[in-house]
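For the record, the sequence lines run as chains A and B. Going by numbering that gives the first Met the number 0, the first sequence runs without a break in its numbering and finishes at 201. Going by numbering that gives the first Met the number 0, the second sequence runs without a break in its numbering and finishes at 201. Written out below as structure tokens is the structure these notes cover.
Protein chains: 2
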Amino acid sequence: MPERRPRKDAVRNREAVLSAADALFARGESPEDVTMADIAAAAGVGKGTLFRAFGDRAGLLRALYEARLEPIVEAVETGPPPLGPATPPHQRVPALLDAIVCFKLDNRRLALALEETGSGSPYRAEHYERWHSLLRAVLEQIPGLADSDFTAHALLAATRADLVERLVGQEGVPRERLRAQLAGFVARVVDSRPSQGPAASN
Amino acid sequence: MPERRPRKDAVRNREAVLSAADALFARGESPEDVTMADIAAAAGVGKGTLFRAFGDRAGLLRALYEARLEPIVEAVETGPPPLGPATPPHQRVPALLDAIVCFKLDNRRLALALEETGSGSPYRAEHYERWHSLLRAVLEQIPGLADSDFTAHALLAATRADLVERLVGQEGVPRERLRAQLAGFVARVVDSRPSQGPAASN
DNA sequence: TAGAATACGGACCCCGGGTCCGTTTCGTTT
DNA sequence: AAACGAAACGGACCCGGGGTCCGTATTCTA
Numbered sequence: 000m001p002e003r004r005p006r007k008d009a010v011r012n013r014e015a016v017l018s019a020a021d022a023l024f025a026r027g028e029s030p031e032d033v034t035m036a037d038i039a040a041a042a043g044v045g046k047g048t049l050f051r052a053f054g055d056r057a058g059l060l061r062a063l064y065e066a067r068l069e070p071i072v073e074a075v076e077t078g079p080p081p082l083g084p085a086t087p088p089h090q091r092v093p094a095l096l097d098a099i100v101c102f103k104l105d106n107r108r109l110a111l112a113l114e115e116t117g118s119g120s121p122y123r124a125e126h127y128e129r130w131h132s133l134l135r136a137v138l139e140q141i142p143g144l145a146d147s148d149f150t151a152h153a154l155l156a157a158t159r160a161d162l163v164e165r166l167v168g169q170e171g172v173p174r175e176r177l178r179a180q181l182a183g184f185v186a187r188v189v190d191s192r193p194s195q196g197p198a199a200s201n
Numbered sequence: 000m001p002e003r004r005p006r007k008d009a010v011r012n013r014e015a016v017l018s019a020a021d022a023l024f025a026r027g028e029s030p031e032d033v034t035m036a037d038i039a040a041a042a043g044v045g046k047g048t049l050f051r052a053f054g055d056r057a058g059l060l061r062a063l064y065e066a067r068l069e070p071i072v073e074a075v076e077t078g079p080p081p082l083g084p085a086t087p088p089h090q091r092v093p094a095l096l097d098a099i100v101c102f103k104l105d106n107r108r109l110a111l112a113l114e115e116t117g118s119g120s121p122y123r124a125e126h127y128e129r130w131h132s133l134l135r136a137v138l139e140q141i142p143g144l145a146d147s148d149f150t151a152h153a154l155l156a157a158t159r160a161d162l163v164e165r166l167v168g169q170e171g172v173p174r175e176r177l178r179a180q181l182a183g184f185v186a187r188v189v190d191s192r193p194s195q196g197p198a199a200s201n
């Protein structure tokens with residue numbers, strides 16, 4: 000019985016921190032000047048508590064992110080089409096990317112904060128692996144599509160938080176337009192036939 | 000004449016700092032633990048000097064980056080095909096992206112450091128604007144390609160430093176293979192014909 | 001209800017970016 | 001060549017934020 004369930008105040012505080020952080024990130028401003036101390040204060044909790052519960056800044060961000068992501072993950076893994084596993088590949092790929100970009104639109108600050116924090120890139124985050132391997136697997140089932148591994152990376156790169164932030168936050172591209180553009184891009188990648196054009200030979 | 004040319008020791012030191020930083024970043028290790036103090040020490044210079052010359056960390060990185068980038072910029076702006084302005088669009092696009100990815104391959108650490116430092120994303124860096132607007136302009140000349148603005152962003156996203164770093168540094172993808180994969184991806188985007196698939200209507 | 005186990009919290013440490021200013025070097029002027 | 005003002009030097013210093021430590025408070029167990 001090495002499993003000892005946590006104390007009640009521990010879970011209460013954990014909850015408090017999570018929602019406080021959530022609120023702070025949502026409240027405009029760039030994520031890098033939401034400090035750990037701020038979060039602790041907003042949650043009515045000491046810094047020690049905060050770090051014990053989440054390890055470090057990245058850990059907290061990750062926890063927040065995963066929590067928000069959960070419904071989508073579920074929809075993808077066990078839900079109905081067009082996100083669920085029963086969807087035919089050439090339809091599921093755009094659906095997946097649309098879901099991802101919508102998620103980033105709804106959680107801009109948070110996603111941004113996560114991609115900025117610790118190790119900078121999202122490529123260390125565990126959830127990236129999941130998206131990538133899933134997308135890769137689905138792409139693989141589309142005939143005539145080589146390099147599904149790289150293609151998955153490249154498509155995911157088009158949904159990166161800072162790009163979304165730039166387009167929506169700074170250039171003022173409306174949400175639906177961004178979705179449409181991404182959809183168009185994905186379609187060009189996925190639906191393209193070899194074409195007779197001068198194919199790259201090396 | 001408000002233009003007063005700088006003193007001799009100033010330029011000498013600037014040079015020293017630049018090459019010291021260059022060396023330090025080249026010397027393996029992740030860029031975030033090359034500190035400003037390290038660079039100053041390696042250049043045999045005080046921190047004050049370093050900050051006076053470049054403003055801040057981002058400024059130094061940018062200066063290094065621009066210096067390295069210069070030959071490529073020139074090749075693009077005034078050089079012969081396939082990079083120069085005389086190249087037909089559907090050939091120039093892959094050439095541009097190949098040049099960019101090669102550059103990032105040759106300057107992995109530096110590019111990484113730049114994209115990580117200050118404001119995180121490359122989207123604040125001035126050179127990104129240049130690449131993007133150029134690529135956008137070239138894409139615009141390709142018939143049947145809508146959303147050239149977004150497409151330019153998405154293609155550039157596929158060459159981002161941290162992605163390159165991951166593929167080459169961690170997954171061990173060889174240089175030529177990465178180039179080929181990128182070329183393939185670009186070709187799918189650029190050479191694709193509308194296809195009969197369900198086009199996005201909004 | 002006593003005692004051990006666990007969590008709390010904020011003072012504290014560390015480290016890195018950035019600043020300040022007394023000192024030094026440069027270049028110009030007579 | 002000497003001297004003087006301007007510009008640059010450099011390292012001690014400041015500041016802010018992430019992360020730690022440990023005496024104290026709370027919760028669980030017997």
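Here a beta-carbon is modelled for each residue, glycine too, at the ideal position from N, C-alpha and C.
By the three-class DSSP mapping on this structure, what secondary structure does residue i have?
i         : result
Glu170(A) : coil
Gly183(A) : helix
Ile99(A)  : helix
Val128(A) : The displayed chain sequence assigns Glu, not Val, to residue 128(A). Helix, per DSSP.
Pro121(B) : helix
Pro197(A) : Low confidence applies to Pro197(A): its pLDDT is 44, below 50, so where it sits in the model is not reliable, and the reading given next is rough at best. Three-state result, Pro197(A): coil.
Asp45(B)  : One point to set straight first is that residue 45(B) is Gly, not Asp, in the sequence displayed. Reduced to three states, the DSSP call for Gly45(B) is coil.
Ala153(B) : helix
Arg3(A)   : coil
Arg159(A) : coil
Mind listing the chain A neighbours of residue i? Cutoff is C-beta to C-beta under 7 Å, in chain order.
i         : result
Thr150(B) : Phe184
Ala157(B) : Ala153 and Ala156
If I'm right that residue i touches residue j with Cβ under 8 Å, what's the distance once you round it to whole angstroms?
i         : j         : result
Arg129(A) : Ala151(A) : Actually they do not touch by this definition, with Cβ atoms about 11 Å apart.
Ser120(A) : Asp161(B) : 3 Å
Leu68(A)  : Phe102(A) : 7 Å
Leu60(B)  : Thr116(B) : 6 Å
Val16(A)  : Leu49(A)  : 6 Å
Arg108(B) : Ala156(A) : Between Ala156(A) and Arg108(B) the Cβ distance is about 20 Å, and since that is not below 8 Å, they are no contact.
Arg91(A)  : Val137(A) : 5 Å
Ala94(B)  : Ile71(B)  : Not quite, the Cβ-Cβ distance comes to about 11 Å (not below 8 Å), so this is no contact.
Ala74(B)  : Leu82(B)  : 5 Å
Met35(B)  : Arg56(B)  : 6 Å
Leu104(B) : Val163(B) : 6 Å
Given that residue i touches chain B, what residues does it touch there, using C-beta distances under 7 Å?
i         : result
Val145(A) : With the sequence shown as reference, residue 145(A) is identified as Ala, and Val is not the correct amino acid for it. Those within 7 Å of Ala145(A) in chain B are Gly183.
Gln180(A) : Asp146 and Phe149
Given that residue i touches chain A, what residues does it touch there, using C-beta distances under 8 Å?
i         : result
Val188(B) : Phe184, Arg187, Val188 and Ser191
So with CB distances below 9 Å, who are the chain B contacts of residue i?
i         : result
Tyr122(A) : Asp161, Leu162, Glu164, Arg165 and Gln169
Give the range of the alpha helix (DSSP H) segment to which residue i is assigned.
i         : result
Glu31(B)  : Careful: Glu31(B) lies outside any alpha helix (DSSP H) and carries neither H nor E.
Ala20(B)  : Lys7 to Ala25
Leu144(B) : Where Leu144(B) is concerned, there is no enclosing alpha helix (DSSP H), given that its DSSP letter is neither H nor E.
Thr112(A) : Just to set this straight, residue 112(A) is Ala in the shown sequence, not Thr. Where Ala112(A) is concerned, the enclosing alpha helix (DSSP H) stretches over Arg107 to Glu115.
Q) Counting only runs that start and end within the region 53–88 of chain B, where is the alpha helix (DSSP H) found for 4 or more residues in a row? A) 56–77
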